[in-house]
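Visitor: Structure below; questions to follow.
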DNA sequence: AACTCCTTCAACCGCCCGCAG
DNA sequence: TCTGCGGGCGGTTGAAGGAGT
């Protein structure tokens, strides 16, 4: 099955004879940028042929998304951005079940920065910085305690939080994925609300980045493997 | 100056998912 | 239900340039 799927990909645009690999020339950038401004994003497969480019569809998409888009912010990552990356990685990238690192989710919260850029910055700067500080970049906990197999937080969240507060975290209700898990999440929050702790009951998530730390705290006080968290993160 | 090693990051690779037919 | 396609994702690679000797 996988073999068939891979074959399907390879027989699409990426296996065309005469495709060019490697760095893009300024002329190719110009062709791609003007084509994108004229036609808009999408139809990557046919784009390379229609635009007269000799890079494959994926290469065109990557070049546009990571380098040529007008919204891309060039230059060094600022300390504010670095701080936000650290906090978001702690929230989204420290899954105990070793799922994906969520670079795209993190990048969406940092205007003008791409997932590739953040991924590289994390690998070359931030993870090393944390290691120097004696912190495991995977778990954001000190190395000594990160090896512990028994979590130091309760399996059931003792802290209440209104479902509306979570839904409002993005400021847009329709960002919240509609699925069966949403019902589970609602029940879970209802259960959590009955726990009696008023710590988060009045919290209003008007701006996500202002409350990352609150959400991290909540996450640490719940079971990280809970599927509700996965759903919540996906909604961000 | 010449060489080696290290770091950075653009680009590629392989895989996966959603959707349409 | 199956298959192919378009698109997206995280992981990896390798060229280029800087630092060190």
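Numbering (the working numbering), first residue to last: 50 to 285. Built from N, CA and C at the ideal position, the CB exists for glycine as well.
What span of residues does the alpha helix (DSSP H) with residue 100 cover, start to end?
Guide: Here residue 100 belongs to no alpha helix (DSSP H), and DSSP marks it neither H nor E.
Visitor: By Cβ distance below 8 Å, which residues in the same chain neighbour residue 155 in space, the five residues on each side in sequence not counted?
Guide: Contacts found: 134, 137, 138, 141, 142, 164 and 167.
Visitor: Sorted by chain position, which residues of the same chain lie with C-beta nearer than 6 Å to residue 130's C-beta, five sequence neighbours on each side aside?
Guide: 159.
Visitor: Would you check if the distance between the CB atom of residue 106 and the CB atom of residue 117 is smaller than 8 Å?
Guide: No, Cβ-Cβ distance for residue 106 and residue 117 is not below 8 Å.
Visitor: Closest to residue 74 by CA distance: which of 104, 93 and 169 is it?
Guide: Comparing Cα-Cα distances from residue 74 to each of 104, 93 and 169, the minimum goes to 104.
Visitor: Which runs of the alpha helix (DSSP H) at least 4 residues long sit entirely within the stretch 124-196? Give them in chain order.
Guide: Taking only runs of at least 4 residues, the alpha helix (DSSP H) segments lying wholly in the stretch 124-196 are 128-141, 152-157, 164-170, 176-181 and 192-195.
Visitor: Buried or exposed: residue 234, going by 16 or more other Cβ atoms within 10 Å of its Cβ?
Guide: Only weak support exists for where residue 234 lies, its pLDDT of 40 falling under 50; the coordinates are left without a value.
Visitor: Using a Cβ-Cβ cut-off of 6 Å (strictly less than) and excluding sequence neighbours within five positions of residue 84, which residues of its own chain qualify?
Guide: Cβ neighbours of residue 84 beyond the five flanking positions: 100.
Visitor: Nearest-angstrom Cα distance between residue 69 and residue 111?
Guide: So the two alpha carbons sit approximately 14 Å from each other.
Visitor: Could you check what DSSP says for residue 86 in three-state terms: helix, strand or coil?
Guide: Looking at residue 86 - three-state DSSP - the assignment turns out to be helix.
Visitor: State the Cα-Cα distance for the pair residue 115 and residue 173, rounded to the nearest angstrom.
Guide: Answer to the nearest angstrom: the Cα atoms are 18 Å apart.
Visitor: Run the CB neighbour count on residue 162, radius 10 Å, all protein chains shown included, and call it buried at 16 or more, exposed below.
Guide: It is buried - the Cβ of residue 162 has at least 16 other Cβ atoms within 10 Å.
Visitor: Quick check: what's the CA-CA separation for residue 98 versus residue 184?
Guide: Taking the straight line from one Cα to the other gives about 48 Å.
Visitor: For residue 127 and residue 153, what's the separation of their Cα atoms in angstroms?
Guide: Each residue's Cα considered, the two are about 19 Å apart.
Visitor: For residue 113, which residues in the same chain have their Cβ closer than 7 Å to its Cβ, ignoring the five residues on either side in sequence?
Guide: Closer than 7 Å at the Cβ level, and outside the excluded window around residue 113, lie 81 and 85.
Visitor: Taking Cβ positions, are residue 191 and residue 176 nearer each other than 8 Å?
Guide: The answer is no: Cβ separation not under 8 Å.
Visitor: Is residue 102 closer than 8 Å to residue 79 when the C-beta atoms are compared?
Guide: No, the Cβ-Cβ distance between residue 79 and residue 102 is not below 8 Å.
Visitor: Would you kindly work out how many angstroms separate the C-alpha atoms of residue 123 and residue 151, rounded to a whole number?
Guide: Taking the straight line joining both Cα atoms gives about 22 Å.
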